[in-house]
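These notes concern the structure reproduced below.
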């Protein structure tokens, strides 16, 4: 998945000391965050995948895709003759918002770029045919049929595909340049619409595609991505057993009026925007014997607000746009203590919407535009309504003193790890598996080389936290290999399907 750091070494090797090496074309820094590094990992570690690419008959049948691509492929495919296998023969496509997070897409042309692919995947060769067709975010792609195995889907249109954060931006009605939203989920993602202007970032942000509606011009965005936000609270619950549930973090945090000089930098997977420091690790600093778990919970919540301010400031530095308010969503936006502290530390109003499931709403809105439920974005924007507004009430001197402490704490998280070392056990397992696969290939009958009309599908489920598992789901078929990458964007596709009108 996107926060799997095992591809950090791959990103560092490609960067060769310059993490912004591919920014002019991709808008992205080189980091494990992006799907292209997962492709490289698979090519390095899955021998059968390399064999398929080397085989002239099978090479054109190798496929890679993010979750949205896999869902479309399954929903538009037909049942395999092999019992228990996944569907086969579906449409192979993605949208511009998901495609823009691969490190393979030229965000100027909105097309896959072979030079980028070769740079990221070297020394392997990956053909363009292995990547899905790039389409707009809102259009009627096709109508489903009962052949997919779900009779009730017959005639339902697939009408939108959006990346997670782009869908949330759409769901917040942020259709005009300068409008922004901040999502507090597992990570934290602040995104601002920049319109049809693509603004290169020099302050650690992502220049990315926001969405493309039908034949209209593509809309771009600046985004600051933070790896740990809600997952920090989850760590307090699951690893430290400090709390029993997420809401309890607010209760404990409220037992103290301040952090008492204690800061929590949740760099569990390094620091993303605006630093992009893979060598950083989480730390709690400023602790004394007077501190208790209430202080730690408060520091964990405050960390999300501090990281938001860092992105908030970077957006201003890159765009010269001052955000007058910040629309928020995601699970942690229900935390009143955090939302008030957020307003205090950025010194602008924080606004929570009445409908919190903005990602689902965004996918629904985009699909509705495609099938005529709404005529334009103005009609959609009129549906948005605020639930709660948090107004800053912190003294300027207090704000700056807290900010100074945070910046000092962040500096203490740097330099904890160097280049990832190759685990000897992992190396031995890899060599053993390759020897086994080579032996099996020699024993395999010659006719298996032929591409069968009805492919056999074997899905391999993964637990990404286990060291020896690939950061993806690899689906292998006779003459067909499809890898659904655990990328940055979890597609908001399902709602886009269900809102579609029947033909």
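Numbering (my numbering), first residue to last: 997 to 1499.
Using N, Cα and C, we set each Cβ at its ideal position, and we do this for glycine too.
Practice item. Pick out whichever of 1234, 1298 and 1268 has its Cα sitting closest to the Cα of residue 1255. Key: Here residue 1255 refers to the residue found at position 259 when the chain shown is read from its first residue. Residue 1298 is the option with its Cα nearest to residue 1255.
Check your understanding: What do you reckon, are the CB atoms on residue 1252 and residue 1023 nearer than 8 Å?
Key -> Counted from its first residue, the chain shown places residue 1252 at position 256. Counted from its first residue, the chain shown places residue 1023 at position 27. It is not a contact, given that the beta carbons lie outside the stated cut-off.
Point to revise | Minimum length 3: unbroken beta strand (DSSP E) runs contained in the region 1290–1344 | key: 1321–1325
Review point. Three-state secondary structure (DSSP) at residue 1010?
Key: Against the chain shown, residue 1010 aligns to sequence position 14. Residue state, collapsed to three classes: helix.
Review point. What residues in its chain sit with their C-beta under 7 Å from that of residue 1166, if we drop five residues either side in the sequence?
Key: The residue given as residue 1166 occupies position 170 in the chain shown. 1158, 1207, 1358, 1361 and 1362.
Review point. In whole angstroms, what separates the C-alpha of residue 1281 from that of residue 1287?
Key: Here residue 1281 refers to the residue found at position 285 of the chain shown. Here residue 1287 refers to the residue found at position 291 of the chain shown. In a straight line, the C-alpha of residue 1281 is about 11 Å away from that of residue 1287.
**Study point:** Own chain partners of residue 1355 with C-beta closer than 7 Å, once the 5 adjacent residues on each side are dropped
**Key:** Sequence index remark: in the chain shown, residue 1355 carries index 359 (1-based). Correct list, in chain order: 1160, 1163, 1164, 1167 and 1488.
Exercise for review: Find the nearest neighbour of residue 1137 within the set 1156, 1413, 1033 and 1372, judged by alpha-carbon distance.
Suggested key: As a working mapping, residue 1137 is identified with position 141 in the chain shown. Comparing Cα-Cα distances from residue 1137 to each of 1156, 1413, 1033 and 1372, the minimum goes to 1156.
Check your understanding: Taking Cβ to Cβ, would you say residue 1217 is nearer than 8 Å to residue 1260?
Key -> In the chain shown, counting from the first residue as 1, residue 1217 sits at position 221. In the chain shown, counting from the first residue as 1, residue 1260 sits at position 264. Contact flag unset, no.
Practice item. Would you check if the distance between the CB atom of residue 1169 and the CB atom of residue 1377 is smaller than 8 Å? Key: Position 173 of the chain shown holds residue 1169. Position 381 of the chain shown holds residue 1377. Against a cut-off of 8 Å, the Cβ pair of residue 1377 and residue 1169 comes out as a contact.
Review point. Going by other Cβ atoms of all chains shown within 10 Å of its Cβ, with 16 needed for buried, is residue 1247 buried or exposed?
Key: In the chain shown, counting from the first residue as 1, residue 1247 sits at position 251. Answer is exposed; the Cβ neighbour count stays below 16.
Practice item. Would you tell me roughly how many angstroms separate the C-alpha atoms of residue 1094 and residue 1067, rounded to the nearest one? Key: Sequence index remark: in the chain shown, residue 1094 carries index 98 (1-based). Sequence index remark: in the chain shown, residue 1067 carries index 71 (1-based). Looking at the two C-alpha atoms, the distance is approximately 13 Å.
Check your understanding: What are the start and end residues of the beta strand (DSSP E) that includes residue 1156?
Key -> As a first step, residue 1156 must be located in the chain shown, where it is residue number 160. Counting along the chain, the beta strand (DSSP E) containing residue 1156 begins and ends at 1153–1156.
Practice item. Taking only the alpha-carbon atoms, compute the straight-line gap between residue 1043 and residue 1037 and give it to the nearest angstrom. Key: Counting from 1 along the chain shown, the entry for residue 1043 is found at position 47. Counting from 1 along the chain shown, the entry for residue 1037 is found at position 41. Rounded to the nearest angstrom, the two C-alpha atoms are 11 Å apart.
Review point. Run through DSSP, which three-state label would residue 1271 get?
Key: Walking along the chain shown from the start, residue 1271 turns up at place 275. Of the three classes helix, strand and coil, the one that applies to residue 1271 here is coil, per DSSP.
Check your understanding: What do you get for residue 1092, buried or exposed, if any count of 16 or more other CB atoms within 10 angstroms of its CB means buried?
Key -> One-based indexing of the chain shown puts residue 1092 at position 96. Buried: at least 16 other Cβ atoms inside 10 Å.
Exercise for review: Grab me the residues of residue 1439's own chain with a C-beta within less than 6 Å of its C-beta, minus the 5 sequence neighbours each way, in chain order.
Suggested key: Counted from its first residue, the chain shown places residue 1439 at position 443. Because residue 1439 sits at a pLDDT of 49, beneath the cut-off of 50, its placement in the model cannot be relied upon, and the following sentence gives the value as read from the coordinates. Taken in chain order, the list of residues that qualify is empty.
Review point. Going by other Cβ atoms of all chains shown within 10 Å of its Cβ, with 16 needed for buried, is residue 1306 buried or exposed?
Key: Here residue 1306 is taken as the residue at index 310 of the chain shown, counted from 1. Result: buried.
Check your understanding: Taking the C-alpha atoms as reference points, what is the distance between residue 956 and residue 1384?
Key -> Absent from the structure is residue 956, since the part of the chain shown begins at 997 and ends at 1499.
Check your understanding: Between the C-alpha atoms of residue 1071 and residue 1083, what's the straight-line distance to the nearest angstrom?
Key -> Working through the chain shown from its first residue, we reach residue 1071 at position 75. Working through the chain shown from its first residue, we reach residue 1083 at position 87. Whole-angstrom Cα-Cα distance: 8 Å.
**Study point:** Spatial neighbours of residue 937 in its chain, beta-carbon cut-off 7 Å, leaving aside the 5 residues before and after
**Key:** The structure shown does not extend to residue 937, since the chain spans only 997 to 1499, so no value can be given for it.
Review point. Got a sec, what are the start and stop residues for the beta strand (DSSP E) residue 1279 sits in?
Key: Numbered from its first residue, the chain shown carries residue 1279 at position 283. Here the beta strand (DSSP E) through residue 1279 covers 1279–1281.
**Study point:** Three-state secondary structure assigned by DSSP to residue 1175
**Key:** What you label residue 1175 is simply residue 179 of the chain shown in a count that begins at 1. Coil.
Review point. Span of the beta strand (DSSP E) holding residue 1510?
Key: The requested residue 1510 does not occur in the structure, where the chain is confined to residues 997 to 1499.
Review point. Is the region 1364–1373 in contact with the region 1315–1331, if contact means three or more CB pairs nearer than 8 Å?
Key: no
Check your understanding: Going by C-alpha distance, which of 1210, 1278 and 1145 is nearest residue 1075?
Key -> The sequence position of residue 1075 within the chain shown is 79, counting from 1. For the residues 1210, 1278 and 1145, the minimum Cα distance to residue 1075 belongs to 1145.
Check your understanding: Any contact of the region 1025–1034 with the region 1098–1118, i.e. 3+ C-beta pairs under 8 Å?
Key -> yes
Review point. Name the DSSP bridge partner or partners of residue 1286?
Key: By one-based count along the chain shown, residue 1286 stands at place 290. Its beta-bridge partners do not exist; DSSP assigns none.
Review point. In the structure shown, what three-state DSSP assignment does residue 1410 receive?
Key: For the purposes of this step, residue 1410 is taken as the residue at position 414 of the chain shown. Reduced to three states, the DSSP call for residue 1410 is coil.
**Study point:** CA-to-CA distance, residue 1049 to residue 1056, given in whole angstroms
**Key:** Residue 1056 sits at position 60 when you count from the first residue of the chain shown. Residue 1049 sits at position 53 when you count from the first residue of the chain shown. Rounded to whole angstroms, residue 1056 to residue 1049 spans 8 Å at the Cα level.
Check your understanding: What beta strand (DSSP E) runs, 3 residues minimum, are completely inside the region 1066–1108?
Key -> 1089–1091
Check your understanding: Where does residue 1027 sit, in a helix, a strand or coil, going by DSSP?
Key -> Mapped onto the chain shown, residue 1027 falls at position 31. Coil at residue 1027, not helix or strand.
Check your understanding: Would you say residue 1382 and residue 1346 are within 8 Å of each other, going by their C-beta atoms?
Key -> Numbered from its first residue, the chain shown carries residue 1382 at position 386. Numbered from its first residue, the chain shown carries residue 1346 at position 350. Contact flag unset, no.
Check your understanding: Would you call the CB atoms of residue 1270 and residue 1310 closer than 8 Å?
Key -> As a working mapping, residue 1270 is identified with position 274 in the chain shown. As a working mapping, residue 1310 is identified with position 314 in the chain shown. In this structure, residue 1310 lies closer than 8 Å to residue 1270 by Cβ.
Review point. Can you tell me the Cα-Cα spacing of residue 1337 and residue 1395, whole angstroms?
Key: Residue numbering aside, residue 1337 sits at position 341 when the chain shown is read from its first letter. Residue numbering aside, residue 1395 sits at position 399 when the chain shown is read from its first letter. Looking at the two C-alpha atoms, the distance is approximately 10 Å.
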